[in-house]
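Peer 1: Listed in order, the protein sequences are those of chains A and B. Taking the working numbering, the leading residue of the first sequence gets 37, the next gets one more, and so forth. Taking the working numbering, the leading residue of the second sequence gets 1117, the next gets one more, and so forth. Using N, Cα and C, we set each Cβ at its ideal position, and we do this for glycine too. Sharing a structure, written as structure tokens. Questions coming.
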Amino acid sequence: MAKYVFKRVIYMILTLFLIASFTFSLMKMLPGSPISTSSKLTPNQLAAVEAKYGLDKPLPVQYGIYMKNMVKLDFGTSFQFKEASVTELIINRAGPSFILGIQALILGTIGGIILGMIAALRQNTAWDYGSTLIAIFGISIPSFVFASLLQYWIGVKGGFLPVGLWENGWKSSILPTIALAMGPLATSARFIRTEMIEVLGTDYITLAKAKGASGIEIAFKHAFRNALIPLITVMGPLAAGLVTGSLVVEQIFAIPGIGEQFVKAINVSDYSVIMGTTMFFSVLLILVIFIVDILYGIVDPRIRLAGGNKQ
Amino acid sequence: MEKILEVENLELSFHTFAGEVKAIRGVNFDLKKGETLAIVGESGSGKSVTTKAIMRLLPESSSEFKNGQILFDGKDLTKLTDKEMQKIRGKDISMIFQDPMTSLNPTMTIGKQIMEPILKHQKLSKIEAQKMAIYLLQLVGMPQPEQRIKQYPHQFSGGQRQRIVIAIALACNPKILIADEPTTALDVTIQAQILELMKDLQKKIDTSIIFITHDLGVVANVADRVAVMYSGKIVEIGTVDEIFYNPQHPYTWGLLSSMPSLDVQEAKLYAIPGTPPDLLDPPKGDSFALRSEYAMQIDLEEIPPFFKVSDTHYAATWLLHPDAPEVTPPATIIERMKRFPSSRYYKGANGGATK
Chain A
37 MAKYVFKRVI YMILTLFLIA SFTFSLMKML PGSPISTSSK LTPNQLAAVE AKYGLDKPLP
97 VQYGIYMKNM VKLDFGTSFQ FKEASVTELI INRAGPSFIL GIQALILGTI GGIILGMIAA
157 LRQNTAWDYG STLIAIFGIS IPSFVFASLL QYWIGVKGGF LPVGLWENGW KSSILPTIAL
217 AMGPLATSAR FIRTEMIEVL GTDYITLAKA KGASGIEIAF KHAFRNALIP LITVMGPLAA
277 GLVTGSLVVE QIFAIPGIGE QFVKAINVSD YSVIMGTTMF FSVLLILVIF IVDILYGIVD
337 PRIRLAGGNK Q
Chain B
1117 MEKILEVENL ELSFHTFAGE VKAIRGVNFD LKKGETLAIV GESGSGKSVT TKAIMRLLPE
1177 SSSEFKNGQI LFDGKDLTKL TDKEMQKIRG KDISMIFQDP MTSLNPTMTI GKQIMEPILK
1237 HQKLSKIEAQ KMAIYLLQLV GMPQPEQRIK QYPHQFSGGQ RQRIVIAIAL ACNPKILIAD
1297 EPTTALDVTI QAQILELMKD LQKKIDTSII FITHDLGVVA NVADRVAVMY SGKIVEIGTV
1357 DEIFYNPQHP YTWGLLSSMP SLDVQEAKLY AIPGTPPDLL DPPKGDSFAL RSEYAMQIDL
1417 EEIPPFFKVS DTHYAATWLL HPDAPEVTPP ATIIERMKRF PSSRYYKGAN GGATK
């Protein structure tokens, strides 16, 4: 196990290095620079500013400096917010995003599992159709539409929850979390339903029945764990979807999260913030995938991790 | 001998999109205490469905008992509620399935899987149940059971998994053990080992066994009595000797002729022509008539009743009717009948007494 984790960490570092290099070159390929948007500068002033931020140096040198600083977790200073360190900016902004992401992931998967289980165990009944309907809505309605609808109906018309911003504590997070969770909820509900139905038709379920197990025992003791395995596989992509989803949802709800800052940074070519945020998201995703792989081994004994304890 | 199970005129249908499939069309048999009854027949003849019906393991949404009863312990199993049935399954009646590769839960240790019916049906503590599981694994010939109960199914070979499935089936000392083609999915050497184990267990425990197979070689090995099934009906039932050496139904003749044998040197193995009838719309008379070279006019019109051959031997063929014409069974069957001196065909073939 330790050997496996060690190997995975090496790979993770390698992946991050590649992502950093790739983002760096992509960004440099974009037309314009952080300074070019404010066009009131004379050529002399421009050169002075470029020199200050090291933008006058040849690209390989810029890349070298950048990578060196990144190892020290220093992503430079923001261009748009005077002299603010990117690392600090991210840390200050990560809180709301993190809360939203985690809440949405929990609500999405657990809600999806419950919905999927109900659909599978009450196959071809009103319960099943209802859950299918919710899932279809969840998949086909984009999160931003859903977010606006929630804002309007619950926030404005109903008035029991804040329409936006991050000023009412946990209450502020409810609507964005729901908007964000719909996608994962729908996906996991469909997955669990399909898998449960398939698992319930397997021979080992018949054997469990032949042992005298009751319906509940069969569903939860025997079928559930096996139906969970494919869902774990899509947890990685689901989490990735949450990150991109949060970019939009944070904008709509005007939540001071990373996503909102990220979009702003792209608009003004704030290189250091873009890079820093990209790296932050990458680390997050890679960690999620790593956790998913570990979970896999726990749920499915057939997937023994390489170098793991063979019994 | 005491009857432990009586299946009376059982009729069962499946409801499909294509219509009603009459999978079991009036099956009668009984099982005596301690005996092994083999049910043989080709795929789709209803042998597995019959036993799954006894266990009530068929999907309730699509299957329906049309008629008849299954008497066990004074109760009609077709009428029991799910809850009552759960108390019987795994305790009084248990089952061994065909494919050991898929019949164990891949995410549960085999110890837990063996202990499950023990904990469910017997008042034992976990530790006692574990001891019992270890004992059962020993019984089915699994080496190092103490370590192996902590392992998962994928860590066992196919033959070992079938031993585990057998251990699960035996966990509560069932009164009836149903073995649904327990050797079909195994390769030949392992088949022999599992059969050896089953025969060994037959001696050790006093459980009655229903053994489903399409392998007549296996039948000769393990069974006391044999029921031959065809298109949802039992067409012939008798002791092993009666079925093997004095078969009466043309379908049984066909089955026995298509069995490879070491002493009959023929260039080509016999195969029954045609395919089994469509049970969406079963034929009117004897369902085997269309494939049988011995079919008579009445076979196409009326379902033959059971004719008594001996106290233990019955066959549903019009050939046994007193008015039926004399026929000569296939040569290989006559060869078999020579070992059964009282066979009417054998005497007939010798030019002896005819009816």
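Give the secondary structure of A:S133 by DSSP, where H, G and I count as helix, E and B as strand, and everything else as coil.
Peer 2: Here A:S133 sits in helix by DSSP.
Peer 1: Does any residue of chain B bring its CB to less than 8 angstroms from the CB of A:Y307?
Peer 2: No, because no Cβ of chain B sits closer than 8 angstroms to the Cβ of A:Y307.
Peer 1: Buried or exposed: where does B:Q1214 fall if 16 or more other Cβ atoms within 10 Å of its Cβ makes it buried?
Peer 2: Buried: at least 16 other Cβ atoms inside 10 Å.
Peer 1: Please compile the residues from chain A whose C-beta is within a distance smaller than 8 angstroms of the C-beta of B:Y1386.
Peer 2: In chain order: nothing, as chain A lies at least about 33 angstroms away.
Peer 1: In whole angstroms, give me the CA-to-CA distance for A:I49 and A:I101.
Peer 2: The straight-line gap from Cα to Cα measures roughly 18 angstroms.
Peer 1: Output the boundary residues of the alpha helix (DSSP H) element that contains B:V1256.
Peer 2: Element bounds for B:V1256: n/a, residue is neither H nor E.
Peer 1: Between the stretch 1306 to 1325 of chain B and chain A, which residues of the former have a C-beta closer than 7 angstroms to a C-beta of the latter?
Peer 2: Answer in chain order: no residues at all.
Peer 1: Is the stretch 1151 to 1163 of chain B touching the stretch 1173 to 1183 of chain B in the sense that three or more CB pairs, one from each, lie closer than 8 angstroms?
Peer 2: Touching, no, given that fewer than three Cβ pairs across the two stretches are closer than 8 angstroms.
Peer 1: If the criterion is Cβ atoms closer than 8 angstroms, does the pair B:V1344 and B:F1327 meet it?
Peer 2: Cβ distance not < 8 angstroms, so B:V1344 and B:F1327 don't count as in contact.
Peer 1: If B:P1269 sits next to B:L1193, beta carbons under 8 angstroms apart, how far is it from one beta carbon to the other, in whole angstroms?
Peer 2: That pair is no contact at about 30 angstroms.
Peer 1: Alpha carbon to alpha carbon, how far is B:A1308 from B:T1223? Give it in angstroms, no decimals.
Peer 2: In a straight line, the C-alpha of B:T1223 is about 29 angstroms away from that of B:A1308.
Peer 1: Going by alpha carbons, who is nearest to B:S1408 out of B:Q1202, B:D1397, B:P1421, B:V1443?
Peer 2: That would be B:V1443, whose Cα lies nearest to the Cα of B:S1408.
Peer 1: So with CB distances below 8 angstroms, who are the chain B contacts of A:Y165?
Peer 2: Near A:Y165 there are no residues of chain B at all, since even the closest Cβ is about 16 angstroms away, more than 8 angstroms.
Peer 1: Considering only the alpha carbon of each residue, which of A:G295, A:F298, A:T269, A:V285 lies closest to A:D336?
Peer 2: Comparing Cα-Cα distances from A:D336 to each of A:G295, A:F298, A:T269, A:V285, the minimum goes to A:T269.
Peer 1: Applying a beta-carbon distance threshold of less than 8 angstroms, which residues of chain A neighbour B:P1233?
Peer 2: In chain order: K247, G248.
Peer 1: Helix, strand or coil, according to DSSP, for A:Q159 in the structure here?
Peer 2: The answer is coil: DSSP assigns A:Q159 none of H, G, I, E or B.
Peer 1: Relative to the C-alpha of B:K1400, which residue among B:K1138, B:I1325, B:I1284, B:P1376 is closest?
Peer 2: For B:K1400, the nearest C-alpha among the options comes from B:K1138.
Peer 1: Quick check on the burial criterion: 16 or more other C-beta atoms within 10 angstroms. Buried or exposed for B:H1131?
Peer 2: Under this definition B:H1131 is an exposed residue.
Peer 1: Find the nearest neighbour of B:M1217 within the set B:L1385, B:Q1278, B:F1188, judged by alpha-carbon distance.
Peer 2: Cα-wise, what sits closest to B:M1217 is B:Q1278.
Peer 1: Can you confirm whether A:I334, when its beta carbon is compared against all beta carbons of chain B, has any partner nearer than 8 angstroms?
Peer 2: It does not: the Cβ of A:I334 has no partner Cβ on chain B nearer than 8 angstroms.
Peer 1: Where do the N-terminal and C-terminal ends of the alpha helix (DSSP H) with A:V85 fall, by residue?
Peer 2: First-last of the alpha helix (DSSP H) with A:V85: 79 to 89.
Peer 1: Taking any Cβ of chain A, which residues in the stretch 1180 to 1213 of chain B have a Cβ under 7 angstroms from it, in chain order?
Peer 2: Listed in sequence order: Q1202, K1203, R1205, G1206, K1207, S1210, M1211, F1213.
Peer 1: Could you tell me the alpha carbon to alpha carbon distance between A:H258 and A:L243, rounded to whole angstroms?
Peer 2: Cα-Cα distance, rounded: 10 angstroms.
Peer 1: Can a CB atom of chain A be found closer than 8 angstroms to the CB of B:P1222?
Peer 2: Yes, contact with chain A.
Peer 1: Excluding five sequence neighbours on each side, which residues of the same chain lie with their C-beta closer than 8 angstroms to the C-beta of B:L1286?
Peer 2: Here the set comprises S1210, L1252, L1255, V1256, L1293, L1317, I1321, T1323.
Peer 1: If we count the other Cβ atoms within 10 Å of its Cβ and call it buried at 16 or more, is B:K1119 buried or exposed?
Peer 2: Exposed.
Peer 1: Establish whether the CB of B:M1412 and some CB of chain A are separated by less than 8 angstroms.
Peer 2: Output row for B:M1412: interface = no.
Peer 1: Tell me the DSSP secondary structure of B:R1205 in three-state form.
Peer 2: Strand, per DSSP.
Peer 1: Short of 9 angstroms Cβ to Cβ, which residues in the stretch 1242 to 1272 of chain B face chain A?
Peer 2: Within the stretch 1242 to 1272 of chain B, the residues whose Cβ lies closer than 9 angstroms to some Cβ of chain A are Q1263, K1266, Q1267, Y1268, P1269, H1270, Q1271, listed in chain order.
Peer 1: Which word fits B:P1441, buried or exposed, when buried means at least 16 other C-beta atoms lie within 10 angstroms of its C-beta?
Peer 2: Classification of B:P1441: exposed, given that the 10 Å Cβ count is below 16.
Peer 1: Going along chain B in order, which residues have a C-beta closer than 7 angstroms to the C-beta of A:R229?
Peer 2: Here the premise fails: no neighbours, minimum Cβ distance about 17 angstroms.
Peer 1: CA-CA distance, B:I1353 and B:M1314?
Peer 2: Computed Cα separation, rounded: 22 angstroms.
Peer 1: Run down chain A in chain order and give the residues with a C-beta less than 7 angstroms from the C-beta of B:S1219.
Peer 2: Those are D239, Y240, L243, listed as they occur along chain A.
Peer 1: Under a three-way DSSP split, which group does B:R1460 fall into?
Peer 2: Looking at B:R1460 - three-state DSSP - the assignment turns out to be helix.
Peer 1: Where do the N-terminal and C-terminal ends of the alpha helix (DSSP H) with A:V235 fall, by residue?
Peer 2: First-last of the alpha helix (DSSP H) with A:V235: 206 to 236.
Peer 1: How is A:L52 classed by DSSP in three states: helix, strand or coil?
Peer 2: DSSP places A:L52 in helix when its eight states are reduced to three.
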